[in-house]
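Structure first, commentary second.
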């Protein structure tokens, strides 16, 4: 927990424990339980989506990218959205 407090002090950002999670190895049940108790973080398993992109272990799987590709397709099909060269949307 000292590391998290140090991060908060240095970065001036608060860690939101209710939104934070961790992904342990499969056989790390005892350690994972301790992490959960100490930090208050929830435990998750792969695959997950982070910032709209899939996080997973192993070979690429097309199905993991379906949601991301659908969002990209919708952006291109949306005639009301114009994207500037810097990537910002403007209407």
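Residue numbers (the working numbering): 25 to 115.
Positions of the beta carbon are idealized from the N, C-alpha and C atoms, including for glycine.
Just the C-alpha distance for residue 60 and residue 94, rounded to the nearest angstrom, thanks. 34 Å
How do the region 30-37 and the region 47-64 stand: do at least 3 beta-carbon pairs fall below 8 Å, yes or no? no
Nearest-angstrom Cβ-Cβ length linking residue 45 and residue 68, presumed shorter than 8 Å: 5 Å
Restricting to Cα atoms, I'd like to know which of 41, 70 and 40 is closest to residue 50. 70
Whole-angstrom C-beta distance between residue 62 and residue 25, which should lie under 8 Å: 6 Å
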